[in-house]
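Q: Once you've had a glance at the structure underneath, I'll fire off some questions.
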């Protein structure tokens, strides 16, 4: 479906249509992945995503994040994934 959307649409509408075809966890996983790519980390994105998730959401987010890594071909030995897993395990309900 993503291929059809890419070929038929353009610009911000294409981006919106692609995101609407994903689950909320996939959207958050991609945001986390992009926030940790390249030099530096966009802490604002990490905090925004992680602070809004319940423990059940985090379980789904972990699965989606692994799929994002596999789609990018970086599923093994990835430091950001290890750091993110550590963050997920430290979430405490108040």
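Numbering (my numbering), first residue to last: 16 to 109. All residues carry an ideal CB built from backbone N, CA and C; glycine is no exception.
(1) Does DSSP put residue 54 in a helix, in a strand, or in coil?
(2) Can you tell me whether residue 62 is buried or exposed? The criterion is at least 16 other CB atoms within 10 Å of its CB, across all chains shown.
(3) Measure the C-alpha to C-alpha separation of residue 70 and residue 79 and round it to an integer number of angstroms.
(4) Using alpha carbons as the reference points, say which of 31, 36 and 45 lies closest to residue 82.
(5) Starting from residue 30, trace the alpha helix (DSSP H) in both directions and tell me its first and last residue.
A: A quick look at the data gives this:
(1) By one-based count along the chain shown, residue 54 stands at place 39. Reduced to three states, the DSSP call for residue 54 is coil.
(2) Translated into positions along the chain shown, residue 62 becomes position 47. Flag for residue 62 reads exposed.
(3) Here the question's residue 70 lines up with position 55 in the chain shown. Here the question's residue 79 lines up with position 64 in the chain shown. Approximately 14 Å between the Cα atoms of the pair.
(4) As a position in the chain shown, residue 82 is number 67, starting the count at 1. Of 31, 36 and 45, the residue nearest in Cα terms is 45.
(5) To locate residue 30, count along the chain shown from 1; it is residue 15. Run containing residue 30: 26-35, per the alpha helix (DSSP H) assignment.
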